[in-house]
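Only one structure is covered here, and it is reproduced in the block below.
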Amino acid sequence: MKHSGIFVIMFFFTFLYTYYVGAQSSMFILYMFLVCIPVSLLLTYPVRKCFYIEIEVPSSEVERDGIAQMRLVIRNKSFLPVPFVMIDFSESENLSLQMIPETHYAFSPYESKSISVLYRADFRGVSEIGIKSLAVQDYLGLFSFSLLKDLQSHQYTGKITVLPRISEMKLSDRIMNPSQKTNLTEVSSTASAQTSSWFGEPGHEYREYCAGDPLHRIHWKLSAKTDQLMVRKNEGGGMPKKSLILDPCLYTLQKSNKKTGTIKLQEIEDKLLEALLSITSAAIQLGRLAEIWFFEEGHWQMESISNRYQLMEFQRHLAGYRFTDIPFSDSSHRLPLLPMLNMHKTNRNYKGEEAILFTGYYDSLMESSIKNSIQYNLSVNIVLVTDKAKHHKDSTEIVDTSDFSGQTVVIGAFDKT
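Residue numbers (this note's numbering): 587 to 1003.
Below you can see the structure in the form of structure tokens.
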């Protein structure tokens, strides 16, 4: 439109000059103005179908905060030069352009160009990247013709899945161990019961080394991984392995705080899933099984993960996971208490277990659910992801909770760690 306005103004003043002065040169210029329009169209319009376009996405998956690359190959198959090819690259909610590439390119006859574009993975999910618009412009800049009309969408777009990030955790972190207090009825208050690792099968659990323990009971391989001496417990039975529970009710956070925007909610969701995957990854490093409880398709589901392959598959599943927008009116349904008990109802040695709860909104309903879990011999530790500024300084602050026997790890949703 800008070029058209300039062309009209130039033509208008040339016409006035020719009309009042009548110089021979001005008449020639006026004729050139009239002739150049069809000539420009004739040289540009035929080449619109003489382009080869290909999109290459080297990797279809990238973790959050990672960089995804896309390569665009354009080749002019015509013997005519092309003055201007205008390209506009598309973005999505999950992927943003790392840097704005050039938008105008010129092609000589049979020339091929390769253009690399970098995207930053902002949030998890499946997104499309590629070309938003691609057009060839005539020599005068008055007309443009789209090069995408005769192409199918897969020829100029590509799909990338942004996965929740898996971070490396220290195997000696406090959240990896059971709480210092416990509400299980048949577990002693000795040091072995208080400090035992939750990564262990019943009868094969481990605890920290205490003065007087025999050296032959030290598990050297596990001690090297946890950076502390670990010894086998001599109890015949013990606390069953811990479960990981994902709280699906972030809708409450959105309704309770109108100032909380979509971006903040996405950050909290991603942080929750990343904390869940990171602790699961730590369990796998110790060769143990992690049971993950999550709410999907209207009911609680459980996924058992014991190796890296299963973790990667579950990571891909969580890339498209949607937190529920259905309110839980009954506190007994906020946690999967009944499904967890049904799994162990045939186990006569079951005496309770510990679980880690991942939540982004600790409300009164959740508090009531955790208090109800005491009667089921379920001890709950909480990983709370929050956007409050007071938690930004320390993303692993341990907060004591007096209402129930457990520990709370507060993770700032917008920290840089």
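For every residue, glycine included, the Cβ atom is placed at its ideal position computed from N, Cα and C.
Considering only 708, 665, 857, 897, the residue with the shortest C-alpha distance to residue 869 is 897.
A direct Cα-Cα distance of roughly 30 angstroms separates residue 636 from residue 713. Between residue 940 and residue 967, the beta carbon gap of about 7 angstroms places them in contact (Cβ cut-off 8 angstroms). By the neighbour-count definition (other C-beta atoms within 10 Å, threshold 16), residue 692 is an exposed residue. Comparing alpha-carbon positions, the option among 641, 674, 649 lying closest to residue 661 turns out to be 641. Residue 652 has its alpha-carbon roughly 11 angstroms from the corresponding atom of residue 682. The beta carbon of residue 704 lies closer than 7 angstroms to those of 653, 655, 684, 685 in the same chain, with the five residues before and after it left out. Residue 669: member of the beta strand (DSSP E) spanning 668–676, first to last residue. Residue 715 and residue 675 have their C-alpha atoms some 8 angstroms from each other.
Sixteen is the threshold: when 16 or more other Cβ atoms of the shown chains lie within 10 Å of the Cβ of residue 856, as they do, the residue is buried. Here residue 689 carries a coil assignment [DSSP, helix/strand/coil]. Rounded to whole angstroms, the separation of the alpha carbons of residue 956 and residue 922 is 11 angstroms. Per DSSP, the beta bridge partners of residue 655 are 704. Under the three-state reduction of DSSP output, residue 860 falls in the helix class. Residue 953 is not bridged by DSSP to any residue. One Cα belongs to residue 706, the other to residue 814, and the distance between them is close to 39 angstroms.
The beta carbons of residue 748 and residue 709 sit about 6 angstroms from each other, so the pair counts as a contact at 8 angstroms. In its chain, beyond the 5 residues on either side, 626, 627, 630 have a beta carbon closer than 7 angstroms to the beta carbon of residue 724. Less than 8 angstroms separates the beta-carbon of residue 633 from that of residue 666. Distance from the CA of residue 894 to the CA of residue 754, rounded to the nearest whole angstrom, comes to 14 angstroms. Counting along the chain, residue 945 sits inside the beta strand (DSSP E) bounded by residues 939–945. Only residues of its own chain outside the window of five on either side were considered, and among them 630, 692, 723, 724, 725 have a CB closer than 8 angstroms to the CB of residue 669, listed in chain order. Judged by DSSP in its simplified three-state form, residue 743 adopts strand. Going by beta carbons, residue 881 and residue 925 fall outside the 8 angstroms limit. Of all alpha-carbon atoms in 687, 664, 650, the one lying nearest the alpha-carbon of residue 657 is that of 687. Scanning 731, 700, 737, 745 for the CA closest to the CA of residue 646 turns up 745. Judged by beta-carbon spacing, residue 808 lies beyond the 8 angstroms limit of residue 859, meaning their Cβ atoms are not closer than that value.
With respect to the 8 angstroms criterion, residue 879 and residue 830 are classified as neighbours on the basis of their beta carbons.
Contact annotation, residue 742 with residue 673: C-beta distance approximately 10 angstroms; criterion of less than 8 angstroms not satisfied. By the neighbour-count criterion, in which a residue is buried when 16 or more other Cβ atoms sit within 10 angstroms of its Cβ, residue 908 is exposed.
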